[in-house]
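Note sheet for the following structure.
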Amino acid sequence: MIYKINGKWNDCNKYLIKGERKNILIDPGLPDDFDATLKEIKGIVKDIDIIINTHCHYDHSGSDYLYQEYFGATIIIHDREVNHLKNASEVTLSSGLFHRNMVPPKEVIPLGEVLEELKRYNIEIIETPGHTKGSISIIYRDSLITGDTLFSNSVGRWDFPTGSLEDLKGSILKLEDIINKKNISSILPGHGEDGNKYTLSYVKKLLF
Ligand SMILES: [Zn+2]
Numbered sequence: 040m041i042y043k044i045n046g047k048w049n050d051c052n053k054y055l056i057k058g059e060r061k062n063i064l065i066d067p068g069l070p071d072d073f074d075a076t077l078k079e080i081k082g083i084v085k086d087i088d089i090i091i092n093t094h095c096h097y098d099h100s101g102s103d104y105l106y107q108e109y110f111g112a113t114i115i116i117h118d119r120e121v122n123h124l125k126n127a128s129e130v131t132l133s134s135g136l137f138h139r140n141m142v143p144p145k146e147v148i149p150l151g152e153v154l155e156e157l158k159r160y161n162i163e164i165i166e167t168p169g170h171t172k173g174s175i176s177i178i179y180r181d182s183l184i185t186g187d188t189l190f191s192n193s194v195g196r197w198d199f200p201t202g203s204l205e206d207l208k209g210s211i212l213k214l215e216d217i218i219n220k221k222n223i224s225s226i227l228p229g230h231g232e233d234g235n236k237y238t239l240s241y242v243k244k245l246l247f
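Here the sequence shown is numbered in our numbering, starting from 40 and rising by one per residue.
What follows is the structure, given as structure tokens:
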């Protein structure tokens, strides 16, 4: 079962997967609303075992450390973004765009090391570079969590550090293929409303 916790203001949407064996939170978001979000989460599950970040931007990963401290959760991010997250590098946009002092999580596991384990929890990772080089999308049953790669009526910015329009175009085509082949019924973006059957055709008109 997957639960959406809507991001307030510029915070990202958080997705909680209540699994049979592990509870997984995707993109915990800004630290600001930690207490309120925690309360919401605890209404659904007792523990968070794993955090997966769709990319290292501060509005997605800024509260990773709080979940690591509170639950002892394992923090996972694409191999390319491990060091950005650990060092709160400029790629996280923490000081640049958000004007904040980021507290990185103490330990970060590269995605490449846990892909097989995640498959056991029905989680499949799709590499979707473009918004950042290490951006990923996540398939869980018939849902597709797209981070800042694909929104309901637009795509993520490609002008931040490590972003690339060419990469993003490739990723959108890749997601279109997956949505069709895997019968995806929910598109769950990092900000705003869920996508729908018009999302891809609309976005392709903008990009191509
Ligand atoms: Zn982002």
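Even for Gly, the Cβ is constructed at its ideal location relative to N, Cα and C. All values derive from a computational prediction rather than experimental measurement.
Identify, in the order they occur along the chain, each residue of the same chain with its Cβ nearer than 8 angstroms to the Cβ of R180, setting aside the five sequence neighbours on each side.
Cβ neighbours of R180 beyond the five flanking positions: I41 and N161.
Sorted by chain position, which residues of the same chain lie with C-beta nearer than 7 angstroms to F190's C-beta, five sequence neighbours on each side aside?
The answer, listed in chain order, is P228, H230 and G231.
Element boundaries [alpha helix (DSSP H), containing G186]
Going by DSSP, G186 is part of no alpha helix (DSSP H) but of the beta strand (DSSP E) stretching over S182 to G186.
Going along the chain, which unbroken runs of the alpha helix (DSSP H) with 4 or more residues stay wholly within the stretch 137-182?
Fully enclosed alpha helix (DSSP H) runs of no fewer than 4 residues occupy 154-159 of the stretch 137-182, in order along the chain.
Less than 7 angstroms between the CB of D206 and some heavy atom of ligand 1, yes or no?
Answer for D206: no, Cβ out of range of ligand 1.
Name the DSSP bridge partner or partners of S225?
Answer is S182, bridged to S225.
Could you give the first and the last residue of the continuous beta strand (DSSP E) run that contains N62?
Per DSSP, the unbroken beta strand (DSSP E) holding N62 starts and ends at N62 to I65.
D88 versus D187 - alpha carbon distance
So the two alpha carbons sit approximately 23 angstroms from each other.
Kindly examine ligand 1 and report whether one of its heavy atoms sits closer than 7 angstroms to the Cβ of H117.
Checking every heavy atom of ligand 1 against the Cβ of H117, none is found closer than 7 angstroms.
Quick check: the stretch 67-81 against the stretch 45-56, are at least 3 beta-carbon pairs closer than 8 angstroms?
Taking a contact to require three or more Cβ pairs closer than 8 angstroms, the stretch 45-56 and the stretch 67-81 qualify as touching.
Under the criterion of a Cβ to heavy atom distance below 7 angstroms, does G231 qualify as lining ligand 1?
No - ligand 1 has no heavy atom lying nearer than 7 angstroms to the Cβ of G231.
How about K53 and L64: do their beta carbons lie closer than 8 angstroms?
In contact: K53 and L64 (Cβ atoms closer than 8 angstroms).
Host beta strand (DSSP E) of T113 (start-end):
Counting along the chain, T113 sits inside the beta strand (DSSP E) bounded by residues T113 to I116.
If the criterion is Cβ atoms closer than 8 angstroms, does the pair Y97 and R139 meet it?
In contact: Y97 and R139 (Cβ atoms closer than 8 angstroms).
Contacting residues, own chain, Cβ-Cβ under 7 angstroms from G151 (five flanking each side not counted):
If we look at G151 and ignore the five residues flanking it on each side, its Cβ neighbours are D118.
Within the same chain, show all residues whose beta-carbon is closer than 6 angstroms to that of Y104, passing over the 5 residues directly before and after it, in chain order.
Around Y104: V142 and P144.
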